[in-house]
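So the sequence shown is residues 142 to 550, counted in the numbering used here. Note that the Cβ used here is the ideal one computed from N, Cα and C, for glycine as well. All of these numbers come straight from a predicted model, not from anything done at the bench.
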Amino acid sequence: MTRIPEKIIAGLLVLFLIITVGYQVYLGVYGTIRTETVYDYTVSRAITADGIAIRYETVLGDRPGGIENSIFDDGTRVSVGENIAEFYKNEQSNIGLRRMRELESEIRMLRDAQDRSVNNFSTADMLNRDIKEQLAGLTKASDSRRFYAAADIKNELKSLFNKRQVATGQVLNYNERIEELESEYARFLNTDADSYTVITQAPVSGFFSRNVDGYEEALKPDIVKSFTVADYLSFIDAPKRTPPTDKIGKIVTTQNWTFAAACDKHNLDAIRAGQEVTLVFDAVNQRVPAIIDEILQDKDEDRIVILLRCNQVSGDILALRHTSAVIAFNQYTGVRINMPDIRFQGDQRGVYVLDRNTVRFKLIDPIYEEQNFILSRLIPPDVRDDKYVNLFDQVITRGIDLSDGKVIQ
Numbered sequence: 142m143t144r145i146p147e148k149i150i151a152g153l154l155v156l157f158l159i160i161t162v163g164y165q166v167y168l169g170v171y172g173t174i175r176t177e178t179v180y181d182y183t184v185s186r187a188i189t190a191d192g193i194a195i196r197y198e199t200v201l202g203d204r205p206g207g208i209e210n211s212i213f214d215d216g217t218r219v220s221v222g223e224n225i226a227e228f229y230k231n232e233q234s235n236i237g238l239r240r241m242r243e244l245e246s247e248i249r250m251l252r253d254a255q256d257r258s259v260n261n262f263s264t265a266d267m268l269n270r271d272i273k274e275q276l277a278g279l280t281k282a283s284d285s286r287r288f289y290a291a292a293d294i295k296n297e298l299k300s301l302f303n304k305r306q307v308a309t310g311q312v313l314n315y316n317e318r319i320e321e322l323e324s325e326y327a328r329f330l331n332t333d334a335d336s337y338t339v340i341t342q343a344p345v346s347g348f349f350s351r352n353v354d355g356y357e358e359a360l361k362p363d364i365v366k367s368f369t370v371a372d373y374l375s376f377i378d379a380p381k382r383t384p385p386t387d388k389i390g391k392i393v394t395t396q397n398w399t400f401a402a403a404c405d406k407h408n409l410d411a412i413r414a415g416q417e418v419t420l421v422f423d424a425v426n427q428r429v430p431a432i433i434d435e436i437l438q439d440k441d442e443d444r445i446v447i448l449l450r451c452n453q454v455s456g457d458i459l460a461l462r463h464t465s466a467v468i469a470f471n472q473y474t475g476v477r478i479n480m481p482d483i484r485f486q487g488d489q490r491g492v493y494v495l496d497r498n499t500v501r502f503k504l505i506d507p508i509y510e511e512q513n514f515i516l517s518r519l520i521p522p523d524v525r526d527d528k529y530v531n532l533f534d535q536v537i538t539r540g541i542d543l544s545d546g547k548v549i550q
């Protein structure tokens, strides 16, 4: 009977020794404070994807016979009710109609110039400044061979000079010149009124484009809302349709549009909804800013579909439908924090930093986030801010029982 308690006591002593030794081993392995110096890190990535453009578009009527007069350039904003296409019987009608448009423009310009409710002596200095700016713009346009821009600047300069003549008193008004132009306009109108036809007026307001590709009805935003990944891929992978040639054009009714891009699933780690990116198209001589609106995936598909929201419009952009694009993720530079090193105080994310022999909790100010790390905002070198993690801080990567203000012996 006396040997049973001795065995129990011996067993407890052995268990105590095992726990004590194990705890010391644990402290030796995990209890030691380990730190890592944090540095700046730059994220810059781009992927190439095939996709389709999705817009609200209204196709205009059939194209009649005759010679077409281009009233608007592609990408021009038009208002409901405006004449958007004119066709005439022969080249003589063409010449007359173009002259009528020039007369309309000049009459409107002269009337604006002599409107004293807008142009008076007090605006002379402002007009001089505007003229100098336009002259500088004309020089730049000429140097870069952007002759289409030079033509617009020439018209603006002409208008400014006319206004300056009135504002400085060199010309009282342009009534006599306006009467001459109106008389010439009337002669053209009487001669050519029945030799050309105004085909249609804009049924809606929006951006005009001559490009009609046959997808206008199939790829409206309200229709594609119910699309699956497979539905998008069927359009992206399909051969291009033969565009109709009998339509006058179309009007894109809103500035906002979507580019649906397909790419491999392995790109998922670099993209997230709400991310700002830049689209680069071969056929468009401009970089198009976009925001990732949604990421669609299906376990049965090897590719994902990224829906990118855009609002930049030009004639070249409106001509896009089936195309490839480089999706350039915006470049971010910040302090890199690995996910396992992040700690929480309440709902605030941060890291523990060893400041000499004292533990400090510093917040993260995230500017970019991936699955394995976060970039925290860089604090300028001339700014002292101990609230947020900064370059060269000693971030604690291993340690137990950490707390803000704890002194490490």
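{"Query": "So, with DSSP's three-state summary, where would you put T280?", "Result": "helix"}
{"Query": "Return the CA-CA distance between I521 and V418, expressed in angstroms with no decimal places.", "Result": "Reading the sequence as shown, one finds Pro at residue 521 and not Ile. Their Cα atoms are separated by approximately 25 Å."}
{"Query": "Can you grab the Cα-Cα spacing for the pair L201 / R351, in whole Å?", "Result": "9 Å"}
{"Query": "Quick test of your reading: L449 and T395, contact by CB under 8 Å. State the CB separation rounded to the nearest angstrom.", "Result": "The pair is not a contact, with the Cβ atoms about 16 Å apart (cut-off 8 Å)."}
{"Query": "Figure out for me which residue from Y529, I389, A411, I193 has the closest Cα to the Cα of T199.", "Result": "I389"}
{"Query": "What does DSSP give as the partner residues of P430 in its beta bridges?", "Result": "T419"}
{"Query": "Taking only the alpha-carbon atoms, compute the straight-line gap between T173 and S465 and give it to the nearest angstrom.", "Result": "53 Å"}
{"Query": "Just the Cα atoms here: how many angstroms apart are G237 and F213?", "Result": "18 Å"}
{"Query": "Mind listing, in chain order, the continuous beta strand (DSSP E) runs of no fewer than 3 residues lying wholly within the stretch 487-526?", "Result": "489-496, 499-504, 507-510, 514-517"}
{"Query": "Give a yes or no on whether the C-beta atoms belonging to T189 and V365 are separated by under 9 Å.", "Result": "no"}
{"Query": "Do D545 and V500 have their C-beta atoms closer together than 9 Å?", "Result": "yes"}
{"Query": "Three or more beta-carbon pairs under 8 Å between the stretch 529-538 and the stretch 480-498, yes or no?", "Result": "yes"}
{"Query": "Can you give me the start and stop residues for the beta strand (DSSP E) that L448 sits inside?", "Result": "444-451"}
{"Query": "Have a look at A254 and Q311 and give me their C-alpha separation to the nearest angstrom.", "Result": "13 Å"}
{"Query": "Can you list, in chain order, the residues of its chain whose CB lies under 8 Å from that of L504, leaving out five sequence neighbours each side?", "Result": "Q489, R490, G491, K528, Y529, V530"}
{"Query": "With H, G and I counted as helix, E and B as strand and the rest as coil, what does DSSP make of P437?", "Result": "One point to set straight first is that residue 437 is Leu, not Pro, in the sequence displayed. Three-state result, L437: strand."}
{"Query": "Are D215 and A424 close, meaning C-beta to C-beta below 9 Å?", "Result": "no"}
{"Query": "Report the option in G207, M267, V421, G192 whose CA atom is closest to the CA atom of E551.", "Result": "Absent from the model: residue 551. The displayed extent of the chain is 142 to 550, so no value can be given."}
{"Query": "Going straight from the alpha carbon of G355 to that of S300, what length do you get?", "Result": "42 Å"}
{"Query": "Buried or exposed for V429, going by 16 or more other Cβ atoms inside 10 Å?", "Result": "buried"}
{"Query": "Note down the Cα distance separating S346 from T217, rounded to an integer number of angstroms.", "Result": "11 Å"}
{"Query": "Under 6 Å Cβ to Cβ from R186, same chain only, skipping five residues before and after it: list those, please.", "Result": "A411, F470"}
{"Query": "Considering only DSSP beta bridges, list what E209 is partnered with.", "Result": "F228"}
{"Query": "Should G415 be counted as a contact of the ligand GTP given a C-beta to heavy atom distance under 8 Å?", "Result": "Inclusion of the ligand GTP in the displayed structure is not the case, the ligand content being empty and no account of it being possible."}
{"Query": "Would you list the residues sitting across from I392 in a DSSP beta bridge?", "Result": "T199, F349"}
{"Query": "Which residues does DSSP pair with R192 in a beta bridge?", "Result": "Looking at the sequence shown, residue 192 is not Arg but Gly. Answer is A402, T464."}
{"Query": "Assuming V536 is part of the beta strand (DSSP E), what are its boundary residues?", "Result": "535-539"}
{"Query": "Quick check on D506: buried or exposed, where buried means 16 or more other Cβ atoms within 10 Å of its Cβ?", "Result": "buried"}
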